[in-house]
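Protein chains in written order, with the numbering used here: chain A, -17 to 379; chain B, 215 to 374. Okay, so here's the structure we're looking at.
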């Protein structure tokens, strides 16, 4: 005998959560796990392990008994070092007591920023394609993401005019992340200045995710908060994952005006309490003496970047020149496949994993993301497999 | 450009001119020319590999020898160093600061062979005041390469 519910059937989960869709490539991940001998260009992190001096500092801290909670804001020494780092790098003055907050990666930092500033219905303007968390975090905070299409012809840079055209009385903020995941695009200083002007004119906040700031090649990264009069309206997000190959440590930070930092701290203290102490100790060491290791990694990424970009262009997958991060974003439009189809067939037929561009927004369709944070030997092997794949499907069509 | 080329070759003597050209952004013929010149002026001394001989059951005996030397007028340590480095058994010879003067790395087939070399060839050289021989028990890292138990990459295959 079955019992039928007498009350009205309700979803067990909230409308807010139901509004975000799980990543469409979950199925693809499962497929990947079932195949052996895959070369993966589908990762989003360095292949370098954390430099030894950083790991060693963390091990030492464990031996010394650093196993407790820290201040909600993060360890005072870390905030001081971070303040010095931002001053040295961008001539920005952030007070370690009240303007800096240590978070569990930039992922948490982004979530905090959105929850701290958004009311239901507030709009946040962002580029398409963009990192997968951007729109999800806005929606989870009750806001509405507004997409600005970007394209290869404009080097995937978001334009101030396109932003301005989408501003309404509900617009609260602009969210950008350059150097960009998935495109590898870097914003020029001039274009950032134009965006800053639009933000000022319309009194909008700008959230700038600069996790890849140190991974630039032959160009200089401009920190948005360092532009004239921008510090007061910018929430700067940064972290240690990419610069120091510390993804698993989960340490990021926000640098923002006092009022916003206080609001983010409230959420942080009730939800996370503090970032893990071991990661914070490691981050102090990274800021104190990690520069040389970063420089070496950047040199190596640059060599790989040149190899993969030329390789992709040579095999008929035109690739715009990425100037930052560690991604190449070639166009696959010439193959007649969409990005999910391309990625799936490439994986099955040639055992190379790439991420379909559509995972990062509608404007990512027609492209795939190839991460070159992997050994040169693997990059070259992947390129030769991709060449075979492209040639084969050229003949078919 | 030369320094970029050398860095690549120092890490991988296998790298082809074409690969180096891609990695540096310099035209192939210029890379080839720069390498030729570097070989000619002995900036590039030799192309070598790092081998773990134990893997093929070939046990070599390595010893680090501290050598104390009386420096000579006009030439200092150079002429004694030369008399030592001319021997093919001396794989590496450095002049160092500290309690001794020359550090010499000797390789041989047996401990006996190495000991004989020190006793019969090295120690008797005029100007050599004394030697201390340290036999190498285990090689952990050679020229930047860890011999056993190199770290594997422990990444998830796909992350966004």
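By construction, the Cβ of each residue, glycine as well, lies at the ideal position given by its N, Cα and C atoms.
Indicate the three-state DSSP secondary structure (helix, strand or coil) for residue 303 of chain B in the structure shown.
Within the second chain, the letter at position 89 stands for residue 303 of chain B. Residue 303 of chain B falls in the coil class under three-state DSSP.
Just the Cα atoms here: how many angstroms apart are residue 372 of chain A and residue 254 of chain A?
Residue mapping note: residue 372 of chain A aligns to position 390 of the first chain, counting from 1. Residue mapping note: residue 254 of chain A aligns to position 272 of the first chain, counting from 1. So the alpha carbons of these two residues sit roughly 47 angstroms apart.
Three Cβ pairs or more, each shorter than 8 angstroms: is that satisfied between the stretch 233 to 244 of chain A and the stretch 123 to 142 of chain A?
Judged by Cβ distances under 8 angstroms, the stretch 233 to 244 of chain A makes no contact with the stretch 123 to 142 of chain A, as fewer than three pairs qualify.
For residue 29 of chain A, which residues of its own chain have a beta-carbon under 8 angstroms away from its beta-carbon, when the five flanking residues on both sides are left out?
Position 47 of the first chain holds residue 29 of chain A. Hits under 8 angstroms: 355, 356, 357.
Could you tell me which chain A residues have their CB closer than 7 angstroms to the CB of residue 215 of chain B, listed as they occur along the chain?
As a position in the second chain, residue 215 of chain B is number 1, starting the count at 1. Correct list: empty, because the minimum Cβ distance to chain A is about 13 angstroms.
Contact criterion: CB-CB distance below 7 angstroms. Does residue 144 of chain A meet it with respect to chain B?
Residue 144 of chain A sits at position 162 when you count from the first residue of the first chain. Residue 144 of chain A does not count as touching chain B.
Could you give the first and the last residue of the continuous beta strand (DSSP E) run that contains residue 260 of chain A?
Numbered from 1 along the first chain, position 278 holds the residue referred to as residue 260 of chain A. Per DSSP, residue 260 of chain A belongs to no beta strand (DSSP E); it is in the alpha helix (DSSP H), 259 to 271.
By DSSP, does residue 233 of chain B sit in helix, in strand, or in coil?
Taking the first residue of the second chain as position 1, residue 233 of chain B is located at position 19. Residue state, collapsed to three classes: helix.
Would you say residue 168 of chain A and residue 145 of chain A are within 7 angstroms of each other, going by their C-beta atoms?
The sequence position of residue 168 of chain A within the first chain is 186, counting from 1. The sequence position of residue 145 of chain A within the first chain is 163, counting from 1. No, the pair does not count as a contact, with Cβ atoms beyond the cut-off.
What residues in the stretch 128 to 143 of chain A bring their beta carbon closer than 7 angstroms to a beta carbon of chain B?
Per Cβ criterion, the list is empty.
Hey, does residue 178 of chain A have any beta-carbon neighbour from chain C nearer than 7 angstroms?
Absent from the structure: chain C. Protein chains present are A and B.
Taking C-beta to C-beta, are residue 318 of chain B and residue 279 of chain B nearer than 7 angstroms?
Within the second chain, numbered from 1, the residue matching residue 318 of chain B stands at position 104. Within the second chain, numbered from 1, the residue matching residue 279 of chain B stands at position 65. Yes; because the gap between Cβ atoms is below 7 angstroms, this pair is in contact.
Alpha carbon to alpha carbon, what distance is there between residue 44 of chain A and residue 259 of chain A?
Within the first chain, numbered from 1, the residue matching residue 259 of chain A stands at position 277. Within the first chain, numbered from 1, the residue matching residue 44 of chain A stands at position 62. The alpha-carbon atoms of residue 259 of chain A and residue 44 of chain A are separated by roughly 10 angstroms.
Whether or not the stretch 229 to 246 of chain B and the stretch 328 to 340 of chain B are in contact is what I'm after, with contact meaning three or more pairs of Cβ atoms, one per stretch, closer than 8 angstroms; do they touch?
Output reads no: the stretch 229 to 246 of chain B does not touch the stretch 328 to 340 of chain B.
Any contact of the stretch 10 to 21 of chain A with the stretch 210 to 223 of chain A, i.e. 3+ C-beta pairs under 8 angstroms?
Judged by Cβ distances under 8 angstroms, the stretch 10 to 21 of chain A makes no contact with the stretch 210 to 223 of chain A, as fewer than three pairs qualify.
On the DSSP bridge assignment, give the partners of residue 352 of chain A in chain order.
Taking the first residue of the first chain as 1, we reach residue 352 of chain A at position 370. Note: residue 352 of chain A sits in a beta bridge opposite A:310.
Contact criterion: CB-CB distance below 7 angstroms. Does residue 232 of chain A meet it with respect to chain B?
Taking the first residue of the first chain as position 1, residue 232 of chain A is located at position 250. Closer than 7 angstroms: no.
What whole-angstrom Cβ distance do residue 266 of chain B and residue 361 of chain B have, given they're in contact under 8 angstroms?
In the second chain, residue 266 of chain B corresponds to position 52, counting from 1. In the second chain, residue 361 of chain B corresponds to position 147, counting from 1. Sure, about 5 angstroms apart at Cβ, within 8 angstroms.
Contact criterion: CB-CB distance below 7 angstroms. Does residue 239 of chain B meet it with respect to chain A?
Here residue 239 of chain B refers to the residue found at position 25 of the second chain. So yes, residue 239 of chain B belongs to the interface.
I'd like to know whether the C-beta of residue 372 of chain B is nearer than 7 angstroms to at least one C-beta of chain A.
The residue given as residue 372 of chain B occupies position 158 in the second chain. Output row for residue 372 of chain B: interface = yes.
To the nearest angstrom, how far is it from the Cα of residue 207 of chain A to the Cα of residue 245 of chain B?
Position 225 of the first chain, counted from the first residue, corresponds to residue 207 of chain A. Position 31 of the second chain, counted from the first residue, corresponds to residue 245 of chain B. If you take the alpha carbons of residue 207 of chain A and residue 245 of chain B, they lie about 41 angstroms apart.
Drop a sphere of 10 angstroms on the beta-carbon of residue 112 of chain A, count the other beta-carbons inside from all chains shown, and report buried for 16 or more, exposed for fewer.
The residue labelled residue 112 of chain A in the question sits at position 130 within the first chain. Label assigned to residue 112 of chain A: buried.
Just reading off the alpha helix (DSSP H) that residue 65 of chain A is part of, what are its end residues?
Working through the first chain from its first residue, we reach residue 65 of chain A at position 83. Element bounds for residue 65 of chain A: 58 to 72.
DSSP state of residue 148 of chain A, grouped into three classes?
The count along the first chain starts at 1 and reaches residue 148 of chain A at position 166. Residue state, collapsed to three classes: coil.
Would you mind working out which of A:186, A:192, A:138, A:94 sits nearest residue 212 of chain A, comparing C-alpha positions?
Against the first chain, residue 212 of chain A aligns to sequence position 230. Here the closest residue by C-alpha is A:186.
DSSP on residue 259 of chain B, reduced to helix/strand/coil?
Start at 1 with the first residue of the second chain, and residue 259 of chain B comes out as number 45. Three-state result, residue 259 of chain B: coil.
Just mark residue 339 of chain B as buried or exposed, buried being the case when its beta carbon has 16 or more other beta carbons within 10 Å.
In the second chain, residue 339 of chain B corresponds to position 125, counting from 1. When all chains shown are included, residue 339 of chain B counts as exposed.
Which residues in the same chain as residue 228 of chain A place their Cβ atom closer than 6 angstroms to its Cβ, once the five residues preceding and following it in sequence are excluded?
Along the first chain, read from residue 1 onward, the residue named residue 228 of chain A stands at position 246. Taken in chain order, the residues that qualify are 32, 222.
What's the C-alpha gap between residue 42 of chain A and residue 233 of chain A?
Position 60 of the first chain holds residue 42 of chain A. Position 251 of the first chain holds residue 233 of chain A. Rounded to whole angstroms, residue 42 of chain A to residue 233 of chain A spans 18 angstroms at the Cα level.
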